Amino acid sequence: MKYNLDSFKKGCEALDLKLTDKQYENFIRYYEMLIEKNKVMNLTAITDFDEVFNKHFLDSLAINKVYDISKVQSLIDIGSGAGFPGLPIKIAFPHIRVVLLDSLNKRIDFLKTVIDELGLTNIECVHGRAEDFARDESFREKFDLSLSRAVANLRVLLEYDVPFVKVGGNFVSYKAADVQAEIEESKNAMNEMGVSLIEKELLIPGTELKRKFLIFNKTKNTNEKYPRKAGVPQKKPL
């Protein structure tokens, strides 16, 4: 099937991204596999071609406009779901070592199938909970960057994500524009997790979606007591 990529290509230009023909082909194949799998498994409510490319792919890649992703060597996507934002970033920035972490094995199986189909390397899909893997020595404080998009409340995300990040690295949360109340509620969590915050806002190309990027810089090692046991951060946020 032939697809019109004009809108997506304009969006990539607006985000200062230069993709190869092969990378564009990978995004098309990813879309096809997502829609096919979505017939039997709930991966996304958005299925229209342009909407998937704008609201999922460009939204995932928009971090490039507010953060120097080209200098990142390793990232982990917590609660990756159908692969957003980690998998689009991997397609666009193949040099980055990427880990996609999700608690539902069916989603991990889907992501592995996509990765195999696209022939991507230096990317790992992990089935499990952030609270457990953040205590694993091979994951704890090993990443330049941790990402979460539409996963949980900010107070919870800080405890999920920050333990994976090296001191000097960053956790970036993709949030809606009206996130100020969450930020205010998260002051104690920021202090406990040893991070400072920079806020960036961006209109996603081809949409009316205002995306707020909350960029947390990690200034000290994570206290050994964090994250707490699985389920506790959600039930008793910091």
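Numbering (the working numbering), first residue to last: 279 to 516. Just so you know, even glycine gets a beta-carbon here, dropped at the ideal spot from N, CA and C. In this text the structure is predicted, and so the values were computed from the model without any measurement.
{"query": "Among V404, V350 and R307, nearest to S381 - alpha-carbon criterion", "result": "V404"}
{"query": "Host alpha helix (DSSP H) of E479 (start-end)", "result": "It is not in any alpha helix (DSSP H) - E479 instead sits in the beta strand (DSSP E) that spans V473 to L481."}
{"query": "Outcome for E462 when other beta-carbon atoms lying within 10 angstroms are tallied against a minimum of 16", "result": "exposed"}
{"query": "Distance CB(F491)-CB(N448) smaller than 8 Å", "result": "no"}
{"query": "Segments assigned alpha helix (DSSP H), at least 4 residues, entirely inside the stretch 287-366", "result": "299-316"}
{"query": "Segment limits, beta strand (DSSP E) that includes I401", "result": "I401 to H405"}
{"query": "For L379: DSSP bridge partner residues", "result": "I356 and V404"}
{"query": "Selection from V429, K498, N316 and Q351 that minimises the alpha carbon distance to F371", "result": "Q351"}
{"query": "Residues that V450 bridges to, as DSSP identifies them", "result": "L425 and I493"}
{"query": "Inter-residue Cα distance where the pair is N316 and G406", "result": "22 Å"}
{"query": "Under 8 Å between C-beta atoms of V318 and L353", "result": "no"}
{"query": "Cβ-based burial, E409 [other Cβ within 10 Å; buried from 16]", "result": "buried"}
{"query": "M443 - partner residues in DSSP beta bridges", "result": "It is worth fixing the name first, because residue 443 is Val in this sequence and not Met. For V443, which the question treats as bridged, DSSP gives the partners F421."}
{"query": "The alpha helix (DSSP H) enclosing K280, as first and last residue numbers", "result": "Unbroken run through K280: none, as it is neither H nor E."}
{"query": "Same chain, Cβ closer than 8 Å to L336, neighbours up to 5 away in sequence not counted", "result": "F286, G289, C290, L293, I482, P483, G484 and T485"}
{"query": "Integer-rounded CB distance, given that V445 should sit under 8 Å from K503", "result": "That pair is no contact at about 17 Å."}
{"query": "Span of the alpha helix (DSSP H), counted from its first residue to its last, around E462", "result": "Q458 to E463"}
{"query": "The alpha helix (DSSP H) enclosing K503, as first and last residue numbers", "result": "Where K503 is concerned, there is no enclosing alpha helix (DSSP H), given that its DSSP letter is neither H nor E."}
{"query": "Closest residue to N383 among L396, S358 and G364 (Cα-Cα distance)", "result": "S358"}
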